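For the sequence shown, counting from 1, position 159 maps to 214 in my numbering; every step adds exactly one.
Just so you know, even glycine gets a beta-carbon here, dropped at the ideal spot from N, CA and C.
Computed from a predicted structure; not experimentally measured.
Reading through the C-alpha cells given below for one structure.
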Amino acid sequence: MKLLFVFVSIFSIANLSSRNVLASPHYFNVLHYGATGNDETDDSQAFLKAWKDVCEATKGIPTLHVPLGKSYLLNPLTFQGPCKSKQVNIQLRGTLVAPKKGAWPTDKKDKWIEFHDIDGLTINGGGQIDGQGSSWWEDCETHCERPTALFFHNCNGFLLRDMKHVNSGRNHISINACNNVMVSNIHIIAPEASPNTDGIDIARSTNVFIQKSFMATGDDCVAINNGSSNINIVGITCGPGHGISIGSLGADGQYNVVEDVHVRNCFFKGAQNGVRIKTWEGGYGYARNITFEKITLMNTRNPIIIDQYYTTSASSRKNKVINIKVSDVTYREVHGTSANENAITLNCSRARCTNILMDNVNIRTSTPGEEAKAFCQNVEGKVDRAVPSVPCLSKFD
Ligand SMILES: *[C@@H]1O[C@H](CO)[C@@H](O)[C@H](O)[C@H]1NC(C)=O
Ligand SMILES: *[C@@H]1O[C@H](CO)[C@@H](O)[C@H](O)[C@H]1NC(C)=O
Ligand SMILES: *[C@@H]1O[C@H](CO)[C@@H](O)[C@H](O)[C@H]1NC(C)=O
Numbered sequence: 056m057k058l059l060f061v062f063v064s065i066f067s068i069a070n071l072s073s074r075n076v077l078a079s080p081h082y083f084n085v086l087h088y089g090a091t092g093n094d095e096t097d098d099s100q101a102f103l104k105a106w107k108d109v110c111e112a113t114k115g116i117p118t119l120h121v122p123l124g125k126s127y128l129l130n131p132l133t134f135q136g137p138c139k140s141k142q143v144n145i146q147l148r149g150t151l152v153a154p155k156k157g158a159w160p161t162d163k164k165d166k167w168i169e170f171h172d173i174d175g176l177t178i179n180g181g182g183q184i185d186g187q188g189s190s191w192w193e194d195c196e197t198h199c200e201r202p203t204a205l206f207f208h209n210c211n212g213f214l215l216r217d218m219k220h221v222n223s224g225r226n227h228i229s230i231n232a233c234n235n236v237m238v239s240n241i242h243i244i245a246p247e248a249s250p251n252t253d254g255i256d257i258a259r260s261t262n263v264f265i266q267k268s269f270m271a272t273g274d275d276c277v278a279i280n281n282g283s284s285n286i287n288i289v290g291i292t293c294g295p296g297h298g299i300s301i302g303s304l305g306a307d308g309q310y311n312v313v314e315d316v317h318v319r320n321c322f323f324k325g326a327q328n329g330v331r332i333k334t335w336e337g338g339y340g341y342a343r344n345i346t347f348e349k350i351t352l353m354n355t356r357n358p359i360i361i362d363q364y365y366t367t368s369a370s371s372r373k374n375k376v377i378n379i380k381v382s383d384v385t386y387r388e389v390h391g392t393s394a395n396e397n398a399i400t401l402n403c404s405r406a407r408c409t410n411i412l413m414d415n416v417n418i419r420t421s422t423p424g425e426e427a428k429a430f431c432q433n434v435e436g437k438v439d440r441a442v443p444s445v446p447c448l449s450k451f452d
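Structural data, given as C-alpha cells:
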C-alpha cells in the first residue's frame, strides 16, 4: 500500500516535470542564424530570421537567445507578431548597438527597435541596449528627428526586466497601446545634458507596473501621456533628470486624458522636477485620480509642480480659457529638500485644479537659512500638515 503510494507520487512528479519540460525554454540562438556579434557587421537579418522561427514555434517557451560577451550591431528593425505561442522570450545577454547617425541606413529615423502585436513577450537576460546617442545629440536642438531605442506597440502581457539601457538618441523606451505591462529592475542611463532622452514614455496603455528601477537620463524618468490609465510606479530612483511627469498633455489644442496613476516609494536626487503634471493652454480633457505617495526628494528644483502653462501654442493663445482639467490629485508623505525657494508650485489655469489633497508634506530648501515657499493659483483642495504651508488649500475638518 505504502509502496503503491510512493509509486503514484513518483509518477505524478515525473508527470509534472514532463509538463515543465514542455514549458521550458526552446532556444533559437542568433549565432546559429549568422549573427556575428562583432560590433561592426549588421546582424539585423540574422535576428529577424531567428525571430521568424521563434514566432512560429509552438513547443515550450520559444526563446530568442542572444549570447553573452558579444556586441550585436542592429540596423532599425521590427519584431513583428502575433506569434503562435502564447509566451515568447527574448533572452538578451549580450549588447545591442545602434548604428551611429552617419551610418543610419534609412530616412525613417524615429525608431530603432520596434516590437509590434506580440502577446506574452518577456525580455530579460541582463544584457545592454546601447542607442549610441551622442552621434544624434551633437548637432541637435531639442526637436530634430532622432530614434527612440525600444518601441513597444500593442504588446499585451509584456514583461521587461533585468536590463540596462544606455544613450538612446531620443527616449529609451516607448510603451504604446499595451495592456498589462511589467517593467522591473532596469537601469536607464544617459548623460545629464543629453536632449529629450526620457527613460520610459507611456501612451494609450493600461495596467502598467514599473518597479525597482534606476533612471538617470537628464530628462523625464517616466512620462505618462495620453490615453493611459491604471499606471503604477513603485520604487524608482530618478535623477539627474526631469522627474516623473504626467504629460505634457493638451499640446496644440488636443483632447488628452490620463487617469488612475499611483506613484509611490520613489526617490528623486538632483532632479529638475520631482512629481510633475504639465499641460498646455488650449488643450482639453483631463488628468485625474493621481496619487504621489512616500516620495523622497534630495535637492530637487521643483519637488511638487502642476504647470498648466507648460507651453503655449499658437492655436492655444486664442483659446486660453480651455485647459486640461486636473482633479483628485493626492500628495501623501512627500519629504525632502528643494533646490528652489518654490518647493510647491500649483500653477493651475482658469479651468481650476480641484480636489488637490496634501497630507504630510514636508519640504525644506537645501540652502541653509532660506525658507521654502508654496505658490498656488486656481486651486481647490485640502491640506493636513504641509511645510511650506499652501495658502489656497483649506484644512481637513
Ligand atoms: C487621447 O486618448 C483618448 C482616449 O484614448 C482618445 O479618444 C483621443 O483621441 C486621444 N487624443 C489624441 C490627440 O490622440
Ligand atoms: C484611482 O486609481 C487607482 C489606481 O491608482 C484605482 O485603484 C482606484 O480605483 C481609482 N479610483 C477611482 C475612484 O477611480
Ligand atoms: C504661473 O504661470 C504664469 C503663466 O504662464 C507665469 O507667468 C508664472 O510665472 C507662473 N508662476 C510660477 C510660480 O511658476
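Can you tell me which of the options puts its alpha carbon nearest to the alpha carbon of residue i?
i      : options                           : result
Val415 : Glu425, Val434, Thr400 and Thr385 : The residue you asked about is not Val; residue 415 is Asn in the sequence shown. For Asn415, the nearest C-alpha among the options comes from Thr385.
His120 : Phe102, Leu129 and Gly329         : Phe102
Ala204 : Asn354, Lys437, His198 and Ala245 : Ala245
Phe347 : Asn222, Pro160 and Gly290         : Gly290
Lys163 : Pro202, Gly186 and Gly180         : Pro202
Gly44  : Cys210, Val143 and Asp253         : Because residue 44 is not part of the residues shown, which for the chain are 56 to 452, the question remains open.
Met237 : Ile230, Phe264 and Asp185         : Phe264
Ile230 : Ala441, Val221, Asn240 and Leu215 : Leu215
Glu355 : Ile332, His390, Leu128 and Thr113 : For the sequence presented, residue 355 should be read as Thr rather than Glu. Nearest C-alpha to Thr355: His390.
Tyr127 : Ile286, Asp185, Gln309 and Val313 : Asp185
Thr118 : Val318, Asn417 and Ser140         : Ser140
Thr366 : Ser404, Thr351, Val442 and Ile350 : Ser404
His198 : Cys210, Phe213, Ser444 and Asp165 : Asp165
Gly188 : Thr261, Leu176, Trp106 and Val221 : Val221
Gln327 : Tyr341, Gly181, Glu314 and Ile360 : Ile360
Tyr341 : Val330, Met353, Gly308 and Lys324 : Gly308
Asp25  : Asn235, Trp191, Gly182 and Glu200 : Within the shown structure, residues of the chain are numbered from 56 to 452, placing residue 25 beyond reach of any answer.
Phe206 : Ile173, Asp315, Lys450 and Asn285 : Ile173
Val152 : Trp167, Ile332 and Thr420         : Trp167
Lys125 : Gln142, Leu86, Glu435 and Glu111  : Leu86
Ala271 : Leu147, Pro154, Ile145 and Ile299 : Ile299
Arg12  : Glu435, Ser268 and Asn320         : In this structure the chain extends from 56 to 452, so residue 12 is not present and cannot be described.
Glu314 : Asn320, Lys380 and Ile255         : Lys380
Phe83  : Ile145, Asn287 and Asp94          : Ile145
Trp106 : Cys138, Gly115, Gly92 and Thr96   : Cys138
Pro80  : Gly92, Asp452 and Thr113          : Thr113
Ile243 : Ser284, Phe134 and Asp275         : Asp275
Glu426 : Gln266, Lys156, Thr351 and Asn397 : Asn397
His387 : Val438, Gly325 and Asp452         : Here residue 387 is Arg; the residue named in the question, His, does not match the sequence. For Arg387, the nearest C-alpha among the options comes from Val438.
Asn235 : Gly212, Ile255, Val445 and Ala248 : Gly212
Arg148 : Ile178, Lys155 and Lys324         : Ile178
Gly325 : Thr351, Arg319, Phe451 and Thr133 : Thr351
Asn266 : Phe322, Asn280 and Pro154         : Correcting the residue identity first, residue 266 is Gln in this sequence and not Asn. The option with the nearest alpha carbon to Gln266 is Phe322.
Ser239 : Lys219, Arg343 and Arg331         : Lys219
Lys2   : Val445, Thr91, Thr422 and Asp383  : What is shown of the chain runs 56 to 452, which leaves residue 2 out entirely.
Round the Cβ separation of residue i and residue j to the nearest angstrom and send it over; I've been treating them as touching at under 8 angstroms.
i      : j      : result
Leu448 : Phe430 : The Cβ separation is near 12 angstroms, so there is no contact.
His208 : Phe170 : 7 angstroms
Gly338 : Asn311 : 6 angstroms
Pro250 : Cys293 : Contact doesn't hold; Cβ gap of about 18 angstroms is too wide.
Gly305 : Thr334 : 5 angstroms
Ser99  : Leu129 : 5 angstroms
Ile418 : Ser393 : 5 angstroms
Ser190 : Cys233 : Actually they are not in contact, since the Cβ atoms of Ser190 and Cys233 sit about 29 angstroms apart, beyond 8 angstroms.
Ile257 : Ser283 : 5 angstroms
Under the DSSP definition of a beta bridge, which residues are partnered with residue i?
i      : result
Thr385 : Thr346 and Leu412
Tyr127 : Leu151
Trp352 : Strictly speaking, residue 352 in this sequence is Leu, with Trp absent from that position. Per DSSP, Phe323 and Gly391.
Met237 : Leu214 and Phe264
Cys431 : Leu401
Asp362 : Lys333 and Asn402
Phe170 : Phe134 and Phe207
Ala258 : Asn231
Arg419 : Thr392
Gln142 : None; Gln142 has no bridge partner.
First and last residue of the alpha helix (DSSP H) that includes residue i?
i      : result
Glu111 : Ser99 to Glu111
Trp454 : Here the chain covers residues 56 to 452 and nothing more, so residue 454 does not appear.
So residue i is in the beta strand (DSSP E); what residue range does that whole segment cover?
i      : result
Leu119 : Ile116 to Val121
Pro446 : Looking at the DSSP string, Pro446 is not in any beta strand (DSSP E), and its letter there is neither H nor E.
Lys267 : Thr261 to Ala271
Thr203 : Thr203 to His208
Phe83  : Pro80 to Asn84
Ile184 : Gln183 to Asp185
Ile379 : No beta strand (DSSP E) holds Ile379; DSSP gives it neither H nor E.
Thr177 : Leu176 to Asn179
His220 : Lys219 to Val221
His198 : Neither: His198 is in no beta strand (DSSP E) and is coded neither H nor E.
Ser278 : Here residue 278 is Ala; the residue named in the question, Ser, does not match the sequence. Element bounds for Ala278: Val277 to Ile279.
His242 : His242 to Ile244
Next on the checklist: Give the list of continuous beta strand (DSSP E) stretches no shorter than 3 residues that lie fully inside the stretch 282 to 342.
Outcome noted: 283 to 293, 299 to 304, 310 to 324 and 328 to 334
Checklist entry - Going along the chain, which residues put their C-beta within less than 5 angstroms of some heavy atom in ligand 4? => result Annotation note on ligand 4: not contained in the displayed structure, which lists ligand 1, ligand 2 and ligand 3 as its ligands.
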